[in-house]
Amino acid sequence: MLATHRRWRASGTASGVLAVAAALVLSLTPAAQSVEPRPSRSTAPVTALPETIQGTGHAIHPEGFAWDPTRNAFLIGSLRYGTISVVGADGIPRTLVDDPSLIATGGIRVDPARNRLLATYGDVYAGPNALLSVGSSPQTRGRYAGVAIFDLTTGALKKRVDLSRSPGLHLANDLVLDPAGNAYVTDSFTGKIFKVTKSGTASTFAYDEKIDAGYDSAGMPNVGVNGIVYHPAGFLITVRYDTGRLFRIPLRAPGDVTEIKLDRRIPGTDGMALGADGTLYAATNTIRSDGVDALFRLRSDDGWKSARVVSEQASPEAAPTTMALTPSGDYVLSSNVDVLFRSGGTETRDGFVLRRY
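The sequence shown begins at 318 in the numbering used here and counts up one residue at a time.
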């Protein structure tokens, strides 16, 4: 039974913002996205976004976000409260989803064609004494994870898909959609990628020792497979957070997990996005890695059998976790999740930043 808590809700005023639910041992990912054409088709009037959006919200700590072309606004999750909120140029989160049973929300994907919103959820394991989210408990941390599917317009829950039934610790981190509406979800603690069909049926899509980071000497799960994107040629690209190694997985042959040869590895890679021009964007952080806080761009000339880094931009903010491609440019999310993770949930920070690169 999940404990009940008084929840901070986002409102339409600057004083009433949002709250969030937590995740540790990695940055939940979210960030990977399928190829995003620019500009996105929208049912809402397009308003140019500023270079930097200073988000408000009490201890909201969003780890994942996505661009919603039906609203011409961002959708952000919350590690602290498990909410999903709409954020525009004013930076004020307005609650769309407020379901205490989610505990924390991580990766977010918008499916306008089917009017769906998908998000990873769970209680992130950040150590034996850590409770990252308002709804965290010793019984659920690391053993409660899945994907929730909502009505994009109303935020109403359509289905919750449990991905934590097998033994051991789980972390449903990031997800991506293929053109048929299937979702592919990374489990950073098991090295598995789950497939969730359009109807909500889950199965193990891929597993390989190469993407399983295992446990450290203290018995702490390492953060392994994390960000994930869909390539229109029919394969997935995913990354191991701890090592920065990229992998290519064909949809028709998921047992064929091959490492992409890089000119340099990018440890700490969290969320990723694939642009319409074929550029792969990767947000990196130092939450549990020896990498840097930055945004990388990568290109490939051989169908992602190999790739090279073409640019690296340092992040002015600590712990950037993912990015979203919009008609106004490419935005990276930072929300001080490093403070939340390293304190085991005893320290928080208000607000967040969406910065255009």
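Just so it is clear, CB atoms sit at the ideal spot from N, CA and C, and this is done for glycine as well.
Can you look up L413 in the DSSP assignment and give me helix, strand or coil? strand
In whole angstroms, give me the CA-to-CA distance for R388 and Y598. 23 Å
Within 10 Å of its beta-carbon, does E353 have 16 or more other beta-carbons around it, so buried, or fewer, so exposed? Here E353 scores only 44 on pLDDT, less than 50, and its place in the model should not be relied on; the value that follows carries that caveat. Its Cβ being crowded by 16 or more others within 10 Å, E353 is buried.
Given A611, which residues of its chain have a CB within under 7 Å of its CB, disregarding the five upstream and five downstream residues? T601, E629, Q630, A631 and S632
Could you have a look at D468 and say whether DSSP puts it in helix, strand or coil? strand
Any contact of the stretch 544-555 with the stretch 469-478, i.e. 3+ C-beta pairs under 8 Å? no
Limits of the alpha helix (DSSP H) - the one that D618 falls within: It is not in any alpha helix (DSSP H) - D618 carries neither H nor E in the DSSP assignment.
Between which two residues does the alpha helix (DSSP H) carrying F658 extend? V654 to R659
Mind pulling the beta strand (DSSP E) runs of 3 or more residues that sit fully within the stretch 492-540? 500-504, 509-513 and 519-524
In the stretch 577-603, which residue ranges form an unbroken alpha helix (DSSP H) of at least 4 residues, counting only runs that do not cross its ends? none
So, does the stretch 400-411 touch the stretch 648-662, judging by three or more C-beta pairs under 8 Å? no
For G536 and A447, I'd like the C-alpha separation in whole angstroms. 15 Å
Under 6 Å Cβ to Cβ from A624, same chain only, skipping five residues before and after it: list those, please. I577, L579, L615 and S617
Can you check the stretch 378-422 for any beta strand (DSSP E) of at least 3 residues that lies completely inside it and give the ranges in chain order? 382-385, 390-393, 400-404 and 411-415
Report yes if the C-beta of A436 is less than 7 Å from at least one heavy atom of the ligand ADP; otherwise report no. Among the components of this structure there are no ligands whatsoever, and the ligand ADP is therefore not found.
Enclosing beta strand (DSSP E) for R460 [first to last residue]: Neither: R460 is in no beta strand (DSSP E) and is coded neither H nor E.
State the start and end residues of the unbroken beta strand (DSSP E) segment that holds P637. P637 to T643
Leaving out five residues on either side along the sequence, give the residues of the same chain with a beta carbon under 7 Å from the beta carbon of K475. I466, F467 and D468
Return the CA-CA distance between A585 and D667, expressed in angstroms with no decimal places. The question names Ala, yet the displayed sequence has Gly at residue 585. Rounded to whole angstroms, G585 to D667 spans 23 Å at the Cα level.
Count the other CB atoms within 10 Å of the CB of D619; is the residue buried (16 or more) or exposed (fewer)? exposed
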